[in-house]
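Residues in the sequence shown are numbered from 8 upward in steps of one, following our numbering. A virtual CB, placed ideally from N, CA and C, is assigned to each residue, including glycine. For reference, the structure discussed in these notes is given below.
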Amino acid sequence: MRVEGMSMATQWSNADINVDIALAAGNDSNQMRSISLVTMVFLPGTFFATFFSMTFFDWSPSESESVVSSYIWIYVAITGACTFLTLLAWGYFVGFRRQKGQQIDSDAMV
Numbered sequence: 008m009r010v011e012g013m014s015m016a017t018q019w020s021n022a023d024i025n026v027d028i029a030l031a032a033g034n035d036s037n038q039m040r041s042i043s044l045v046t047m048v049f050l051p052g053t054f055f056a057t058f059f060s061m062t063f064f065d066w067s068p069s070e071s072e073s074v075v076s077s078y079i080w081i082y083v084a085i086t087g088a089c090t091f092l093t094l095l096a097w098g099y100f101v102g103f104r105r106q107k108g109q110q111i112d113s114d115a116m117v
């Protein structure tokens, strides 16, 4: 009888530890999601700024010319659109994963 009691106590302790690990993993997941979001916001702008820096600016213009090209609106439009599409895709996949996870949970309960 004592062996069964010790076995039960060990299982109870293992279950408590597993709950703590699961909570810590959930917190890590939330932090990684935040890092991913920040990356997705800044990555398109960084990419296009690097891409357009090739010949987009004339750093030694004559007096009647502008330093910034008249095509700077292309950078703003493409960067904004790509940032929006990146965030939209991220939101779709997060929602899709969440929906799929709920479906798996409901199937497991049945």
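Euclidean distance between Cα positions of residue i and residue j
i           : j          : result
residue 126 : residue 21 : Residue 126 lies beyond the stretch modelled for the chain, which goes from 8 to 117, so this question has no answer here.
residue 36  : residue 95 : 20 Å
residue 104 : residue 68 : 52 Å
residue 13  : residue 30 : 26 Å
residue 84  : residue 33 : 37 Å
residue 79  : residue 24 : 56 Å
residue 47  : residue 76 : 27 Å
Supposed contact pair residue j and residue i - C-beta distance, whole angstroms, cut 8 Å
i          : j          : result
residue 51 : residue 90 : 5 Å
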